[in-house]
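Colleague:
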Amino acid sequence: MGQLGLGFRFGACEVRPDDGTVRSPSGLTRLGPRPMGVLLTLAGQPGRVFSREELMATVWADVVVSDETLSRCISDLRQALDDDPRAPRYIETLPRRGYRAIVRPVPLTEPPCGERSDPVTPDDPSPGAASQQGAVPVGGSPSGVTEPEATVTTPASERSPHAAARPLPARSLWLAGCLVLVLGAAAWLPAWREPRSTPAAAAAVPLAENGIAVLPFANLSDDEGLDYFSDGLSEEILHRLASVDGLAVVARTSAFSFKGSTKDVREIGRELGVSYVLEGSVRRHGDRVRIGAQLIDVQSGFHLFSRVYERPFADLAAIQEHVAQEVGAALEPRLAGLLEGFARPVRETVPAAALEAYLLARHLQRKLTADDLERAAREFRRAIELDTGFARAHAGLAQTLALSSQYAAVPIAQVRPAIEAHVAKALELDPSCSEAWHARGLVAFYEARFTDALEAFETAHALDPDATGSVSMQAWTLRSLGRNREALRYTAQVLRRDPLNLHAINVHATLLGDLGDFEAGERLLRRSMEIDRSYPNALWGMGYQKWLAGHHAEAVRWYHAGIQAGIRQGEAYTELGRVLLELADYQGSRKWIEAGLANSSSPIGQLDALVAWYLYQGDSAGLARAVQAYHERFPDDVGLAPYRAIAALSNGDPATAIREYESLTGRASERLHSHWDMASGYWHALYLARARQLVAGPQAAEATLQEAERRLAVFAKETGFPGIVPYYRAAIASLRSDVDRALALLEQARQTGWRRADEIRHNPLFATLLRDPRLAVLLARVREDLDEQRLALAGTEELALPLEPGALRPQQVVSAE
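165 is the number of the first residue of the sequence shown in this note's numbering; add one for each residue after it.
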């Protein structure tokens with residue numbers, strides 16, 4: 165490699181192998197020995213394609229590792245180089261062949277770093293546009309890139325203000341260290357270390373000198389049911405430390421993932437990428453509490469302090485503050501004056517009994533079952549009765565009532581007045597109460613007021629930069645608007661801060677699936693199951709991924725597993741109904757669709773499943789009756805207009821269909837407003853175009869078809885769904901009588917997961933194709949695949965509904981007050 169080992173410029177980046185650093189325009193990154201070895205190998209012969217096997221044999225000659233280890237190293241390199249696999253400037257992936265460097269390195273005797281000089285090999289004269297800064301590997305490519313180490317970029321303007329507030333370079337090292345876990349540390353971390361015999365053995369993760377993790381304190385009380393108390397106390401101390409300027413505190417979900425672990429605390433600290441770990445124990449007996457706390461230096465294993473506090477239970481808040489202050493005092497000399505405000509007075513002093521009720525309520529709230537939410541609401545109310553000025557208890561009750569609409573089938577309108585009252589009270593007591601703004605965002609989200617929801621969640625995160633849950637909900641809200649690519653940046657932000665956050669992992673995996681990267685989405689979901697096997701939403705997520713990919717038999721099994729594990733959301737039931745519908749199991753499908761609609765927080769938003777059930781069978785009269793029944797239940801819901809239009813069109817009344825669509829925007833029919841406008845406005849436009857064709861001929865519909873094309877292009881770019889987009893493009897071609905193109909697009913849809921064979925026969929959008937024999941051949945292929953999947957399900961015991969449709973009654977779950 166000649167002079168490369170001494171250091172070289174790689175395009176706009178400066179690489180120093182001697183100390184393992186890469187300096188890019190966005191900052192300094194320290195690489196482990198293996199990623200640096202991969203970079204040196206590729207840069208040593210620019211333009212040459214190295215197979216995965218060659219790289220593994222060269223860099224890991226002394227150990228046996230999995231293929232994923234190399235993928236993670238490539239991902240680390242791209243992060244360090246600010247490279248983008250979709251428009252690479254430095255390292256190119258050649259599917260099924262390997263990797264190559266597309267920049268010729270220049271020894272550091274040449275011009276200094278910062279002056280662009282990135283000649284490329286003749287094989288790739290145009291390597292693509294510059295990637296955005298701040299690329300962070302999160303497990304998959306949203307653009308269907310076949311390599312699993314694709315990245316999601318986060319512009320500097322969108323990065324967490326919390327991260328910006330930490331001036332140390334070590335902060336970025338801590339973030340990189342945390343990210344190791346979400347990328348599957350167990351599979352590849354040992355191989356990232358040098359062999360023990362090597363003198364310069366490197367730590368698995370660079371330790372942030374200002375990084376600290378608060379592990380869940382052990383419950384040593386006689387009552388095992390007091391785990392909520394010891395966990396809650398640990399979390400309260402964590403929040404106190406998170407307010408200390410200059411400390412990088414690992415988020416709760418990542419730190420608490422080690423609860424019950426037998427690992428040495430120093431090993432845990434190294435895995436989390438922190439230099440210090442606070443652990444302890446809690447023993448409660450009667451009205452007294454004994455708390456032990458130890459602050460440990462991860463590198464040396466020495467205790468920086470070890471204290472035992474034994475006081476009346478009423479002094480609980482004071483003990484928490486003393487622990488936080490002593491941590492700050494112990495670390496201040498080591499961090500050279502970077503800590504400020506560790507003696508900051510507590511903003512909120514709460515009686516011990518009220519705090520205990522609050523901790524139990526938070527513990528119950530996280531379980532997200534109907535019964536636990538009801539109990540959580542009672543405990544929050546008890547905390548408020550004990551201390552009416554307890555702002556976080558008011559906010560917690562507001563959040564619980566909002567969550568009940570999603571997880572306990574309580575209509576949001578029923579609990580909205582109480583939610584608004586408690587949010588207002590919390591903000592009156594504490595204008596900076598992040599939890600109150602989060603509750604306000606939940607209400608807006610469940611009412612499909614997505615712009616309001618985004619503003620509320622953004623405010624919550626600005627008030628508390630450690631509120632990763634608010635960032636996850638920003639991502640989920642953006643998904644509801646069809647802005648999946650933008651949402652990925654938010655989940656990536658959460659995973660940098662909180663790499664073991666199960667909700668963020670599952671949201672990110674869902675987004676990857678929406679965008680067609682099923683392999684990466686599944687990989688993340690399996691990791692979330694490894695973190696917590698009792699987390700049912702990961703099972704739901706796997707079912708969703710398999711459904712989108714066209715693997716219906718596997719999807720059914722995963723949905724069943726999730727429901728058996730405790731999923732009670734109506735949307736999961738509806739999705740299972742759609743899978744069974746595509747398998748032509750009409751009886752089973754109807755059961756789950758009806759259960760989903762009965763227990764959904766937004767039944768109109770799930771109504772397309774019931775519409776599809778009638779369309780699949782060509783039951784136009786039944787469709788009209790079903791839509792009319794919902795119209796009578798929700799007479800003022802504007803979201804029903806498109807369904808009334810489809811029912812009219814299916815029953816030979818295109819004029820009524822046109823009137824229904826035009827009613828959405830006061831006759832400005834090309835705008836077709838709804839809360840799904842950006843995500844699925846093309847869907848409405850296509851049916852409107854067909855209605856206009858039937859009333860006034862093909863030319864009358866052309867403008868509407870052009871609008872549908874425009875919307876579908878936005879949908880394809882921002883939202884994804886590679887199996888759905890060609891299907892609706894085929895519908896546009898069909899409406900234009902371009903049969904050849906329509907059939908080609910349907911074949912493309914089939915190859916990317918589309919399985920709606922029975923729908924086409926009765927869908928008015930495809931009327932021009934029905935007599936073409938080639939359509940019959942194509943649909944036969946789809947049915948053949950579905951037949952194989954039905955056989956794969958043969959012998960699978962039918963899953964009974966956990967609850968009969970409509971069995972949940974709001975008054976039985978969570979009362980408003």
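Every residue gets a Cβ at the ideal spot worked out from N, C-alpha and C, and that includes glycine.
Helix or strand or just coil, what does DSSP make of VAL414?
Modeller: Of the three classes helix, strand and coil, the one that applies to VAL414 here is coil, per DSSP.
Colleague: Apart from the five residues on each side of it in sequence, which residues of its chain come closer than 7 Å, Cβ to Cβ, to LEU206?
Modeller: So the list reads PHE214, ILE255, TYR263, ARG264 and ALA265, once near-sequence residues are dropped.
Colleague: Closer than 7 Å by C-beta to VAL487: which residues in its own chain qualify, once you throw out the five before and the five after it? Chain order, please.
Modeller: For VAL487, where only same-chain residues beyond five positions count, the Cβ hits under 7 Å are ILE401 and ALA457.
Colleague: Would you mind sorting GLY887 into buried or exposed? The rule is 16 or more other CB atoms within 10 Å of its CB.
Modeller: Buried, because 16 or more other Cβ atoms sit within 10 Å of the Cβ of GLY887.
Colleague: CA-CA distance, GLU952 and LEU747?
Modeller: Approximately 10 Å between the Cα atoms of the pair.
Colleague: Taking the beta strand (DSSP E) that GLU256 belongs to, which residues open and close that run?
Modeller: Run containing GLU256: 255-258, per the beta strand (DSSP E) assignment.
Colleague: Strictly by DSSP, which residues pair up with SER470?
Modeller: DSSP output for SER470 lists GLN458 as bridge partner(s).
Colleague: Along the beta strand (DSSP E) that carries VAL179, what are the first and last residues, could you check?
Modeller: Here the beta strand (DSSP E) through VAL179 covers 177-180.
Colleague: Measuring CA to CA, which of GLU873, TYR610, LEU480 and THR426 is closest to LEU397?
Modeller: Residue LEU480 is the option with its Cα nearest to LEU397.
Colleague: Under a three-way DSSP split, which group does PRO928 fall into?
Modeller: Looking at PRO928 - three-state DSSP - the assignment turns out to be helix.
Colleague: Is THR426 closer than 7 Å to LEU664 when the C-beta atoms are compared?
Modeller: No.
Colleague: Among the residues of its own chain, which have a CB less than 8 Å from the CB of TYR571, if the five just before and after it don't count?
Modeller: Excluding sequence neighbours, TYR571 sits near LEU532, THR533, ALA534, LEU537, ARG732 and GLN733.
Colleague: Within 10 Å of its beta-carbon, does LYS881 have 16 or more other beta-carbons around it, so buried, or fewer, so exposed?
Modeller: So LYS881 counts as exposed.
Colleague: Below 8 Å, can you find three or more Cβ-Cβ pairs linking the stretch 867-874 to the stretch 687-700?
Modeller: As far as the Cβ criterion goes, the stretch 867-874 does not touch the stretch 687-700, which means the pair count is below three.
Colleague: Distance, Cα to Cα, VAL743 vs ARG874?
Modeller: Approximately 29 Å, taken between the alpha carbons.
Colleague: Going by beta carbon distance, what residues of the same chain come within less than 7 Å of LYS710, once the five residues before and after it are set aside?
Modeller: Here the set comprises GLU718, ALA719 and TRP722.
Colleague: DSSP on SER598, reduced to helix/strand/coil?
Modeller: It is helical.
Colleague: Give the DSSP-derived three-state secondary structure of GLU962 in the structure shown.
Modeller: Looking at GLU962 - three-state DSSP - the assignment turns out to be coil, as it is neither helix nor strand.
Colleague: Among PRO862, GLN863, TYR825 and ALA541, which has the Cα closest to the Cα of TYR846?
Modeller: With distances taken between Cα atoms, TYR846 lies closest to TYR825.
Colleague: Can you have a look at ASP662 and say buried or exposed, based on whether 16 or more other CB atoms are within 10 angstroms of its CB?
Modeller: By the neighbour-count rule (16 or more Cβ atoms within 10 Å), ASP662 is buried.
Colleague: Run through DSSP, which three-state label would LEU405 get?
Modeller: Three-state DSSP puts LEU405 in a helix.
Colleague: Could you give the DSSP three-state label for ALA853: helix, strand or coil?
Modeller: It is helical.
Colleague: Counting only the same chain and skipping the five closest in sequence on each side, list residues whose C-beta sits under 6 Å from that of ALA517.
Modeller: Cβ neighbours of ALA517 beyond the five flanking positions: LEU550.
Colleague: So, for SER766: in the same chain, excluding its five sequence neighbours on each side, which residues have a beta-carbon less than 8 Å away from its beta-carbon?
Modeller: These residues qualify, in order along the chain: TYR610 and ALA612.
Colleague: Compute the Euclidean distance between the alpha carbons of VAL903 and THR932, then round it to the nearest angstrom.
Modeller: Those two C-alpha atoms are separated by around 7 Å.
Colleague: From which residue to which residue does the beta strand (DSSP E) around SER445 run?
Modeller: Element bounds for SER445: 438-449.
Colleague: Under a Cβ-count criterion, where at least 16 other Cβ atoms within 10 Å of its own Cβ denotes burial, should HIS667 be classed as buried or exposed?
Modeller: Counting Cβ neighbours within 10 Å, HIS667 comes out buried, since at least 16 surround it.
Colleague: Beta-carbon within less than 7 Å of HIS795's beta-carbon, same chain only, minus the 5 sequence neighbours each way: which residues are those?
Modeller: Result list for HIS795: LEU804 and ARG808, in chain order.
Colleague: If you pair each beta-carbon of the stretch 562-569 with each one of the stretch 598-605, do three or more pairs fall below 8 Å?
Modeller: Result yes; three or more Cβ-Cβ pairs closer than 8 Å.
Colleague: Return the CA-CA distance between ALA895 and PRO380, expressed in angstroms with no decimal places.
Modeller: Cα to Cα, the separation comes out at about 55 Å.
Colleague: Please classify VAL179 as buried or exposed, where buried requires at least 16 neighbouring CB atoms within 10 angstroms.
Modeller: VAL179 is buried by the Cβ-count criterion.
Colleague: Taking the alpha carbon of ALA540 as the point to measure from, which residue in THR615, HIS558 and GLN209 has its own alpha carbon closest?
Modeller: The shortest Cα separation from ALA540 among THR615, HIS558 and GLN209 belongs to HIS558.
Colleague: With DSSP run on the structure shown, which of helix, strand or coil describes PRO252?
Modeller: Coil, per DSSP.
Colleague: State the beta-bridge partners of THR193 as determined by DSSP.
Modeller: DSSP lists VAL186 as partners of THR193.
Colleague: Under the assumption that VAL143 contacts LEU442 (Cβ atoms under 8 Å), give the Cβ distance between them as a whole number of angstroms.
Modeller: With the chain covering only 165 through 981, there is no way to say anything about residue 143.
Colleague: When we look at the beta-carbon of GLN728 and count the other beta-carbons within 10 Å, is it buried (16 or more) or exposed?
Modeller: Flag for GLN728 reads exposed.
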